[in-house]
Amino acid sequence: MSSDALPIDTTVDIVTPEGIAFHYQVAGPFRRLPAYVIDVLIRIAALIGLGMLAQVLSIGLGAGSLAIWILAEFVLSWFYGGLFEAYWNGQTPGKRLMGIRVLSATGRPVNAYQAILRNIMRTVDLGPMISGEILGLPPVPLIPTCVLGLAVMAANRRFQRLGDLASRTMVVIEDRPWLAGVARIEDPRTYQLASYLPADLRVSRSLAAALAHYAERRRYFTPLRRREVARHVAVPLLAQFRLPDNTSYDLLLSAMYYRLFIADRADDETHAARAQAAMTGSPPGAPAAPADQPADASQPTVLRGGP
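According to the numbering used here, the sequence shown is numbered sequentially starting from -16.
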């Protein structure tokens, strides 16, 4: 290997429609192969179980039980991966165990068409097939070599096989599912600002994912970096929620994350009281300003100098 050769970069940058860029580490063949083997073993176990059930049912159903088994074999062979990836957040059981997930090339969750297409195309990626006679087996079974799929994966930096290229998808390493847990929001001003957001706050799936990623990673950012990253999302939201222009971008996204992922409506008043006490030093039961008007300039909807 020459001294000036560059190492393979296994990370990609995806910019969401909301303007936030996220880094993903793409999954290579050594991460994806064990996941595929696990899924194959699950399918084999399912077929064996269905075969045993078909034998039991054959007593009463006759040829009908064989037809059921053939149909099940067809569905498992061609739609097992596609259906799981379409309705299980881009994962099959094997992918979940290996910590990887399928995304669209734009960073969005895959749809049913993409998931099914990439799995149907796997037949091509497994080629060329060789006869079992080469390995001393009966001539009927065909052994996949995976040469074509591996060659295509090696030729692009996202390790996309033909099925991924056709469906515009990629497989990434899932460090942590964005809805598996919640990040801690400890700034008391966050709870107070959250009370000024609409009671029926609803956001798109992509914005919810962006908020979750931001809340998880904001602790690694400097205050200046937080402001820079959050600005792209926060600026249009300030106008939408009719908040002052000098509202902290970082706290706005944190407040939205709190409302969407953490807040229990039954505890909203308790959190607001604690936040007020932390900000002003007054006891939690002290009278507060009307909900539609900040008590003074210290209200977090008009934060000066904050990130």
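A virtual CB, placed ideally from N, CA and C, is assigned to each residue, including glycine. Values in this document were obtained by computation on a predicted structure and should not be read as measured data.
In whole angstroms, what is the alpha-carbon distance linking W52 and G34?
6 Å
Is it true that the CB of L148 sits closer than 8 Å to the CB of R242?
Using a Cβ distance threshold of 8 Å, R242 and L148 do not count as a contacting pair.
Burial state of G90 (16 or more Cβ within 10 Å):
buried
Looking at C-beta atoms only, is the number of pairs between the segment 134 to 152 and the segment 197 to 207 that lie closer than 8 Å three or more?
no
Note down, one range per segment and in chain order, each beta strand (DSSP E) of at least 3 residues found wholly within the segment 139 to 205.
Within the segment 139 to 205, the runs of beta strand (DSSP E) at least 3 residues long that lie entirely inside it are, in chain order, 152 to 156.
Using the Cβ count rule (16 or more neighbours within 10 Å means buried), how would you classify R172?
Counting Cβ neighbours within 10 Å, R172 comes out buried, since at least 16 surround it.
Count the other CB atoms, across all protein chains shown, that sit within 10 Å of the CB of Q38; report buried if there are 16 or more and exposed otherwise.
exposed
Residue from A98, T152, V(-5), H6 whose Cα sits closest to the Cα of A193:
The option with the nearest alpha carbon to A193 is H6.
Here's the rule I'm using: 16 or more other beta-carbon atoms within 10 Å means buried, otherwise exposed. How should E116 be labelled?
exposed
Using the Cα positions of T128 and P17, report the straight-line distance between them to the nearest angstrom.
15 Å
Residue(s) in a DSSP beta bridge with D(-4)
According to DSSP, D(-4) bridges with H6.
Mind checking A249: buried by the 16 CB within 10 Å criterion, or exposed?
With a pLDDT of 38 at A249, under the threshold of 50, the modelled position of this residue cannot be trusted; read the value that follows with caution. Its Cβ having fewer than 16 others within 10 Å, A249 is exposed.
Does the beta-carbon of V23 have 16 or more other beta-carbons within 10 angstroms, so that it is buried, or is it exposed?
exposed
Going by the CB atoms, is the gap between N94 and R84 shorter than 8 Å?
In this structure, N94 does not lie closer than 8 Å to R84 by Cβ.
Using beta-carbon positions only, say whether G146 and R101 come within less than 8 Å of one another.
Contact check for G146 against R101 passes: the beta carbons are separated by less than 8 Å.
Can you give the beta carbon distance from Y203 to A217, rounded, assuming they're within the 8 Å contact cut?
Actually they do not touch by this definition, with Cβ atoms about 19 Å apart.
Entirely enclosed alpha helix (DSSP H) segments - the segment 226 to 251, minimum 4 residues:
Correct list: 232 to 240.
Do the CB positions of L176 and L234 come within less than 8 Å of each other?
yes
Which residues in the same chain as A69 place their Cβ atom closer than 6 Å to its Cβ, once the five residues preceding and following it in sequence are excluded?
A95, A98
Rounded C-alpha distance that separates A246 from R214
Spanning the two alpha carbons is a distance of roughly 23 Å.
Where the beta strand (DSSP E) through P127 begins and ends:
125 to 127
Excluding the 5 residues preceding and the 5 following V135 in the sequence, name in chain order all residues of the same chain whose CB lies nearer than 6 Å to its CB.
R144, L145
State the beta-bridge partners of P92 as determined by DSSP.
Paired residue(s): L86.
M81, DSSP secondary structure in three states:
helix
In angstroms with no decimal places, state the Cα-to-Cα distance between A191 and M112.
Looking at the two C-alpha atoms, the distance is approximately 44 Å.
Counting C-beta neighbours from all protein chains within 10 Å, is the total for V130 16 or more, i.e. buried, or is it exposed?
exposed
Pull the bridge partners of I113 from the DSSP assignment, please.
Paired residue(s): I126.
Whole angstroms are fine: how far does the CA of F244 sit from the CA of A28?
38 Å
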